[in-house]
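Trainee: Just so we're aligned, residue 3 is where the sequence shown starts under this note's numbering, counting upward by one.
Each residue gets a CB set at the ideal place from its N, CA and C atoms; glycine is no exception.
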Amino acid sequence: METIALLSLFLLIYLVIHFYSRRFTVNNYLESNISNQSSFSFFNLLNRIFWKIFRLLNFTIVFAHLFTVVDSTIKSYFDHPTIINQSHFDLAAVYSMQGRRPNMEDCFSLRNNVSTELGIEYYAIFDGHGGPNAALYADREIFDRISKRIRKVIENSKSEEISIDSCSKKDANLICTSSMQSSKVFENKINVEAHRFKLLTLTMMKNILNEEVINVDKSLVEQFTRSNDISGTTVLIAIRLLHSNKLLVANVGDSRGILCDSKGTTIPLSFDHKPYQSKEYRRIIDAGGYISLKGVYRVNGILAISRALGDYPLKENRLIIPDPDILTFDLNELQPKFMIMATDGFWDTFSNENAVKFVHDELSQMSSSAIIKPTQSLSSIALHVAKRLAKEAFTRESYDNITVIFILFDKDLKKFSTAFAKATPSSSNPTIKTKSTNDCLADKNEMKSIST
3 METIALLSLF LLIYLVIHFY SRRFTVNNYL ESNISNQSSF SFFNLLNRIF WKIFRLLNFT
63 IVFAHLFTVV DSTIKSYFDH PTIINQSHFD LAAVYSMQGR RPNMEDCFSL RNNVSTELGI
123 EYYAIFDGHG GPNAALYADR EIFDRISKRI RKVIENSKSE EISIDSCSKK DANLICTSSM
183 QSSKVFENKI NVEAHRFKLL TLTMMKNILN EEVINVDKSL VEQFTRSNDI SGTTVLIAIR
243 LLHSNKLLVA NVGDSRGILC DSKGTTIPLS FDHKPYQSKE YRRIIDAGGY ISLKGVYRVN
303 GILAISRALG DYPLKENRLI IPDPDILTFD LNELQPKFMI MATDGFWDTF SNENAVKFVH
363 DELSQMSSSA IIKPTQSLSS IALHVAKRLA KEAFTRESYD NITVIFILFD KDLKKFSTAF
423 AKATPSSSNP TIKTKSTNDC LADKNEMKSI ST
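(1) Would you be able to state if there are at least three C-beta pairs under 8 angstroms between the region 278-298 and the region 252-263?
(2) Let's see if you can read the secondary structure: which residues bound the beta strand (DSSP E) around Arg113?
(3) Based on Cα-Cα distance, which residue from Ser221, Met106, Arg102, Leu112 lies nearest to Ile239?
(4) List the DSSP bridge partners of Phe340.
(5) Any contact of the region 121-141 with the region 244-260, i.e. 3+ C-beta pairs under 8 angstroms?
(6) Buried or exposed for Pro338, going by 16 or more other Cβ atoms inside 10 Å?
(7) If we count the other Cβ atoms within 10 Å of its Cβ and call it buried at 16 or more, is Ile51 buried or exposed?
(8) Can Thr405 and Met206 be called in contact, C-beta distance under 9 angstroms?
(9) Please tell me whether Thr235 and Gly312 are closer than 9 angstroms, where the distance is taken between their beta carbons.
(10) Could you say if the region 343-352 and the region 393-411 meet the contact criterion of at least three C-beta pairs nearer than 8 angstroms?
(11) Look up Phe331 in the DSSP assignment and give the residues it is bridged to.
(12) Taking DSSP's pairing of strands, which residues face Phe128 in a bridge?
(13) Decide if Glu123 is buried, meaning its Cβ has at least 16 other Cβ atoms within 10 Å, or exposed.
(14) Applying the criterion that 16 or more other CB atoms from any shown protein chain within 10 Å of the CB defines a buried residue, is Lys389 buried or exposed?
(15) Just list the alpha helix (DSSP H) runs in the region 202-232, keeping only unbroken ones of 4 residues or longer that don't cross its boundaries, in chain order.
(16) For the region 270-312, which segments carrying the beta strand (DSSP E) assignment without a break, of at least 3 residues, lie completely within its bounds, in sequence order?
(17) Kindly list the residues whose CB is nearer than 6 angstroms to the CB of Asp274, restricted to its own chain and excluding five residues on each side of it in sequence; keep chain order.
(18) Touch check for the region 131-142 and the region 222-233: three-plus C-beta pairs under 8 angstroms?
(19) Enumerate in chain order the residues of its own chain whose CB-to-CB distance from Phe396 is below 7 angstroms, with the five nearest sequence positions on each side excluded.
(20) Determine whether the beta carbon atoms of Asn250 and Phe199 lie at a separation below 9 angstroms.
(21) Since Ile210 and Ile148 are thought to touch, with beta carbons under 8 angstroms apart, how far apart are those beta carbons, to the nearest angstrom?
(22) I'd like to know whether the C-beta atoms of Ile232 and Pro315 end up nearer to each other than 9 angstroms.
(23) Spell out the partners DSSP gives Leu243 in its beta bridges.
(24) Who are the near neighbours of Leu391 in its chain, counting only those whose CB is closer than 6 angstroms to its CB and skipping five residues on each side?
(25) Give me, in chain order, the residues of the same chain whose beta-carbon lies closer than 6 angstroms to that of Ile323; leave out the 5 immediate sequence neighbours on both sides.
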């Protein structure tokens, strides 16, 4: 509107000057009055000046308009938050978007519907690089292999199952009615299932998880070397053992998970694997590699993470390793409110504490307003939060694919305001001693002196 108004104003002024210029020209020829010569020259000059300005403005505005159209077209292509997938059931949800990247390389898995069969809930995120193939392969293979191992444990436990025969032949004096028999069969079936899952101990599950992540990488590298596929992927897997209410989190790379406990405290579930960390840096140098600074610290000038699945050119001499860090958490002790798992496209714009506060504000607003309907499921609420987190990361100008998994543990949303009002802003980790911010900065300063 401002452009049209400006053009209209200049056009009006030009027409007025042009009209008076022609009028003075006619009068000058008719009257042949020398005194009009100066006025004629003045209006003629103004006429020419405004005509040139008008033409220049037209050219500039047309060019600017074309540039704006082209620029907006390009931005609409790259800035459009393409939704690749979204899913929700029970108390968990995921929202995945392509964002500003030309291709989608994130994968995810929500499998809490296998709880009755395997006694676990399974959540996973894979952030691919160099193409989506490694992420797709890892997503499919890791769960399949873990579930097969768990089934073997359950099958092996059959020999130790409690008999479901409700009427013991040894007790001849016991007379079982049909109702008593039915009741005891049901009770013993529950005991049998509980007994099966108890054999899947925390230590056993940790070993299975560690072994299968490494085994999948081995087969992935072998296949991708033959096909010359250099793609790789991060891995972030959370497994909840339902019989003991324990949580295992395996991490390879820089996808990250956090948990908010009953006090509103932020608990990191994983820690990024970066080349500038002292442990990772020394391992890479000892393996014959180097770290260079190209925007971020990279292994051999290529990869910005120090652990990944795939990336077969960097697996020689173990410059990049697939070994997961696995942390365990007692959910009975922590009494968590919710859990967030996300790719680095999200964490590039959020700190751990910032993400927890954002969720708290969102859930508090939902619980105190009419956003939550009485008939609304908790899974749809979880999806709403996952979507808000992902879109907020996009708004904060994340330039990567963004995938967020959000899991609710507490069904009473009204408790959130109370819990966070008493919470301290600090984060904690009950399992391991974490590296301080100063330690990380020291690592980076050390890296600057040797970067090429």
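Mentor: Taking the coordinates as given:
(1) In short, these stretches do not touch, since the Cβ pair count stays below three.
(2) Within the sequence shown, numbered from 1, the residue matching residue 113 stands at position 111. For Arg113, the enclosing beta strand (DSSP E) begins and ends at 108-113.
(3) Numbered from its first residue, the sequence shown carries residue 239 at position 237. Ranked by Cα distance from Ile239, the first of Ser221, Met106, Arg102, Leu112 is Leu112.
(4) Along the sequence shown, one-based indexing puts residue 340 at 338. Cys262, Leu410, per the DSSP bridge assignment.
(5) Taking 8 angstroms as the limit for Cβ pairs, the verdict is that the region 244-260 does touch the region 121-141.
(6) Taking the sequence shown and counting its residues from 1, one reaches residue 338 at position 336. With 16 or more Cβ atoms within 10 Å of its Cβ, Pro338 is classed as buried.
(7) In the sequence shown, counting from the first residue as 1, residue 51 sits at position 49. Exposed is the call here.
(8) Working through the sequence shown from its first residue, we reach residue 405 at position 403. Working through the sequence shown from its first residue, we reach residue 206 at position 204. Cβ distance not < 9 angstroms, so Thr405 and Met206 don't count as in contact.
(9) The count along the sequence shown starts at 1 and reaches residue 235 at position 233. The count along the sequence shown starts at 1 and reaches residue 312 at position 310. Yes, the Cβ-Cβ distance between Thr235 and Gly312 is below 9 angstroms.
(10) Segment contact: the region 343-352 against the region 393-411, three or more CB-CB distances shorter than 8 angstroms; contact assigned.
(11) Here residue 331 refers to the residue found at position 329 when the sequence shown is read from its first residue. Phe331 is bridged to Leu249.
(12) If you number the sequence shown from 1, residue 128 lands on position 126. Answer by DSSP bridge pairing, in chain order: Cys109.
(13) Start at 1 with the first residue of the sequence shown, and residue 123 comes out as number 121. Around the beta carbon of Glu123, 16 or more other beta carbons lie within 10 angstroms, which makes this residue buried.
(14) The count along the sequence shown starts at 1 and reaches residue 389 at position 387. By the 10 Å Cβ count, Lys389 comes out buried.
(15) Annotation note: the region 202-232 contains the following uninterrupted alpha helix (DSSP H) runs of length 4 or greater, listed N- to C-terminal: 204-229.
(16) Listed in chain order, the complete beta strand (DSSP E) runs (minimum 3 residues) inside the region 270-312 are 293-296, 298-301.
(17) Mapped onto the sequence shown, residue 274 falls at position 272. Only Asp256 meet the Cβ criterion.
(18) Taking a contact to require three or more Cβ pairs closer than 8 angstroms, the region 131-142 and the region 222-233 qualify as touching.
(19) Here residue 396 corresponds to residue number 394 of the sequence shown, with the count starting at 1. Excluding sequence neighbours, Phe396 sits near Pro83, Met99, Gly101, Ile404.
(20) Reading the sequence shown from its first residue, position 248 is the one you call residue 250. Reading the sequence shown from its first residue, position 197 is the one you call residue 199. Inspection of the sequence shows that residue 250 is occupied by Leu rather than by Asn. For the 9 angstroms CB-CB criterion, Leu250 and Phe199 do not form a contact.
(21) Locating residue 210 in the sequence shown gives position 208, where the first residue counts as 1. Locating residue 148 in the sequence shown gives position 146, where the first residue counts as 1. Contact between Ile210 and Ile148 holds, since their C-beta atoms are separated by about 6 angstroms, short of 8 angstroms.
(22) Position 230 of the sequence shown holds residue 232. Position 313 of the sequence shown holds residue 315. Yes, the pair counts as a contact, with Cβ atoms nearer than the cut-off.
(23) Along the sequence shown, read from residue 1 onward, the residue named residue 243 stands at position 241. In the DSSP output, where bridge partners are listed per residue, Leu243 has Ile122, Lys248.
(24) If you number the sequence shown from 1, residue 391 lands on position 389. The answer, listed in chain order, is Val406.
(25) On the sequence shown, position 321 is the one that residue 323 refers to. Result list for Ile323: Arg309, in chain order.
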